[in-house]
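Chains as they are written, first to last, in my numbering: chain A, 52 to 363; chain B, 52 to 363. For reference, the structure discussed in these notes is given below.
Here it is as structure tokens:
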């Protein structure tokens, strides 16, 4: 087996920005504290995703999630979280519908966001198609519609992030709208130094109205990759990750659902991010091993709500 | 137990229209033949509905179905029926979204059919709300969008019918559009004498462009009611129905899905038409008993495709 450290490719680089005080320090922690958000993406996508994610939030180490509002099951989340007033839940801005058999369209009126609607009447399958077809105005309109739809079902969003990263890897204007909307709604948007370096700094004109120097940046994003999944499996990957966690703020993204008939049908034709992948995530993040790793490595769990307080 | 015959309330009345030749005769059958379409409503609504309905079409006595195009799983149907070129499948015109946690919106752009969009951004829960809010123009636009969306996923519709009967029990103009669209696409629309008596004849102005005397009418629609389900159960109801079937054309509507996690979640809060109801339908319509009842009662199964041939 290849040495694990060389395989951890998707831990996106640490911010190189020397800020006066780190975000960790602003939150009241020391520079050496290992701070972690254990974040389940994709709640709202399916019933299976909803109940598994909520179980992992209640019984596991998952302490944050973000919702895909355009999907048929997002409304269920509003009902399922009624007894969880402290839940840390953001908006997983969704511009793509990658699945072959399970479909969703923009929340905004199709005639107002035609560039987000593929020839089949649903969202495009990938970020590149979104970037080719959707104007920045359309994307901003849809992002706003998703936030407003979440408010309507009783969700008080703690943050914004981006399904499949289309906001980061589409057109730079999408990112400007994402930051602008987060500021308008008074919540943080997930950002790190890589995005500053790769998208914002090369496009000063597009971001001219945004106070880039004072953006809230997390230190790193960690996520299982197909290669890691195939070569190591979830438990070994996450175990090594938590044992080697660096000081600063890491957001660990996962995707939690049950390996059941619904999720298998949704992920038909996918060799990764599929039902078994999501069940493996559920199994790890609700395991005693995960809890022990947090404790023995003296990792402190933090939430987007805490970050939100210093971002105002 | 109350006498069964008094309980069969929902066998909607036989057409009282004396036509020169009955539809059965036009199809080449005699007046005394017992002709039956065993029709599964609601395919496309959910994955569970899709796979159970297709199983009942392949292995049971179900021989026709109709699809709910606005739902997240309608696209899957296009893929699942690729090996069923002779399938009798129509469009189950869907103007309502009755479920509390599983949602869908019109296929037409929301800004073009605002009267079909409730305050939650999805379709209304009942036909009365549709009738109060949606103009005939909006309903016709959405009906057309549903037919066109079906064509786009490879479905060649054999007929039109109506989810929850909103086309029949909404505004009479909806019914006029439904008949007009069926004629435009060259397929029959499910209609019987009750609808002629109750909706068309009292509104001659609305139907003035339609050749009412030459409409294709089935003789009766049969469907399990909540009362019948509670008092008899599906097997006893359908057994009696098939043993007592009258000559002429009966459409027997059912709703087939599995009693699984997805269907239970969709039907949360419903005491009828729920997951168990749909599993009971599956169990009966794939049973040997059902096949035997067809044979011993000399019932002839016919399809909407056959009817479509004489309606042109």
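Using N, Cα and C, we set each Cβ at its ideal position, and we do this for glycine too.
Q) Pairing CB atoms from the segment 270-284 of chain B with CB atoms from the segment 241-250 of chain B, are three or more of them under 8 Å? A) Judged by pairs of C-beta atoms under 8 Å, the segment 270-284 of chain B touches the segment 241-250 of chain B, as three or more such pairs exist.
Q | Contact list for residue 127(A) against chain B, beta-carbon separation under 8 Å | A | Residue 127(A) reaches chain B at 152, 153 and 316, counting residues in chain order whose Cβ is nearer than 8 Å.
Q) the segment 216-249 of chain A: which residues have C-beta closer than 7 Å to a C-beta of chain B, in chain order? A) Within the segment 216-249 of chain A, no residue qualifies.
Q. Can you find a CB in chain A that lies within less than 7 Å of the CB of residue 61(B)?
A. Confidence at residue 61(B) is low in this model, with a pLDDT of 38, below 50, so its placement is unreliable and no value can be given for it.
Q. So which residues on chain B does residue 160(A) lean against when the C-beta distance must stay under 8 Å?
A. Against residue 160(A), the close residues of chain B are 160, 161, 162 and 163, in the order they occur along the chain (beta-carbon pairs closer than 8 Å).
Q: Would you mind reading off the limits of the beta strand (DSSP E) that contains residue 301(B)?
A: Judged by DSSP secondary structure, residue 301(B) falls within the beta strand (DSSP E) whose first and last residues are 299-306.
Q: Would you kindly report the start and end of the unbroken alpha helix (DSSP H) that includes residue 182(B)?
A: Per DSSP, residue 182(B) belongs to the alpha helix (DSSP H) from 178-184.
Q.
For chain A, check one thing: does any of its Cβ atoms lie closer than 7 Å to the Cβ of residue 312(B)?
A. Judged by the 7 Å Cβ criterion, residue 312(B) is in contact with chain A.
Q: Out of 299(A), 331(A), 127(A) and 316(A), state which residue places its alpha-carbon closest to the alpha-carbon of residue 171(B).
A: Of the candidates 299(A), 331(A), 127(A) and 316(A), 127(A) places its Cα closest to the Cα of residue 171(B).
Q: Output yes or no for whether 7 Å exceeds the beta carbon distance between residue 208(B) and residue 238(B).
A: In this structure, residue 238(B) lies closer than 7 Å to residue 208(B) by Cβ.
**Q.** Proximal chain B residues relative to residue 203(A), where beta-carbon distance stays under 8 Å
**A.** Those are 171 and 172, listed as they occur along chain B.
Q. Using a Cβ-Cβ distance under 7 Å, would residue 214(B) count as near chain A?
A. Chain A contact via Cβ: absent.
Q) From the beta carbon of residue 67(B), is the nearest beta carbon of chain A less than 7 Å away? A) In this predicted model, residue 67(B) has a pLDDT of only 45, less than 50, meaning its place in the structure is not dependable; the value taken from the coordinates is given anyway. No, residue 67(B) does not count as interfacial toward chain A.
Q) Just how far apart, CA to CA, sit residue 107(A) and residue 309(A)? A) Their Cα atoms are separated by approximately 11 Å.
Q.
So that I know if they touch, is there some Cβ in chain A lying closer than 7 Å to that of residue 323(B)?
A. By this cut-off, residue 323(B) is not an interface position.
Q) Opposite residue 141(B) in the DSSP bridges: which residues? A) The partner list for residue 141(B) (beta bridge, DSSP) reads 117(B).
Q) Looking at the structure shown, is residue 315(B) part of a helix, part of a strand, or coil, going by DSSP? A) Here residue 315(B) sits in helix by DSSP.
Q) Shorter than 7 Å from the beta carbon of residue 98(B) to some beta carbon of chain A? A) Yes - at least one Cβ of chain A is within 7 Å of the one on residue 98(B).
**Q.** Cross-chain neighbours of residue 130(B) in chain A, by beta carbon under 7 Å
**A.** Per Cβ cutoff of 7 Å: 152.
**Q.** Residue-level contact to chain B via CB, residue 103(A), 7 Å cutoff
**A.** No Cβ of chain B is located within less than 7 Å of the beta carbon of residue 103(A).
Q | Proximity test, Cβ basis, 7 Å: residue 123(B) and chain A | A | Contacts with chain A at 7 Å (Cβ-Cβ) include residue 123(B).
Q. From what residue to what residue does the alpha helix (DSSP H) around residue 222(A) run?
A. Here residue 222(A) belongs to no alpha helix (DSSP H), and DSSP marks it neither H nor E.
Q) Among all the DSSP beta bridges, which residues are the ones paired with residue 364(A)? A) The requested residue 364(A) does not occur in the structure, where chain A is confined to residues 52 to 363.
Q: Provide the residue span of the beta strand (DSSP E) that contains residue 272(A), from first to last.
A: Start and end: 271-274.
Q | Closest Cα partner of residue 283(A) within the set 339(A), 320(A), 328(A) and 301(A) | A | Ranked by Cα distance from residue 283(A), the first of 339(A), 320(A), 328(A) and 301(A) is 328(A).
Q.
Does the segment 118-132 of chain A come into contact with the segment 335-348 of chain A, if we say contact requires no fewer than three beta-carbon pairs (one atom in each stretch) closer than 8 Å?
A. No: fewer than three Cβ pairs fall under 8 Å.
Q: For residue 243(B), name the three-state secondary structure that DSSP assigns.
A: Strand, per DSSP.
Q | Neighbour list for residue 200(A) in chain B, Cβ cutoff strictly below 8 Å | A | Within chain B, the residues near residue 200(A) are 172.
Q | CB of residue 293(B) within 7 Å of CB of residue 344(B), strictly | A | Yes; because the gap between Cβ atoms is below 7 Å, this pair is in contact.
Q: Hey, could you find the ends of the alpha helix (DSSP H) residue 99(B) is sitting in?
A: For residue 99(B), the enclosing alpha helix (DSSP H) has its first and last residue at 98-110.
**Q.** Enclosing beta strand (DSSP E) for residue 293(B) [first to last residue]
**A.** It is not in any beta strand (DSSP E) - residue 293(B) instead sits in the alpha helix (DSSP H) that spans 285-294.
Q: Identify, in the order they occur along the chain, each residue of the same chain with its Cβ nearer than 6 Å to the Cβ of residue 115(A), setting aside the five sequence neighbours on each side.
A: Cβ-Cβ distances below 6 Å link residue 115(A) to 88, 90, 139, 354 and 355 in the same chain, with the five nearest sequence neighbours on each side left out; the list follows chain order.
Q | Under the three-state DSSP convention, the category residue 326(B) falls into | A | Note: residue 326(B) maps to helix in three-state DSSP.
Q. Going by the beta-carbon positions, is the gap between residue 192(A) and residue 218(A) smaller than 7 Å?
A. No.
Q. Do the segment 216-233 of chain B and the segment 330-345 of chain B make contact, defined as three or more Cβ pairs closer than 8 Å?
A. Pairwise C-beta distances place the segment 216-233 of chain B out of contact with the segment 330-345 of chain B, as fewer than three of them are shorter than 8 Å.
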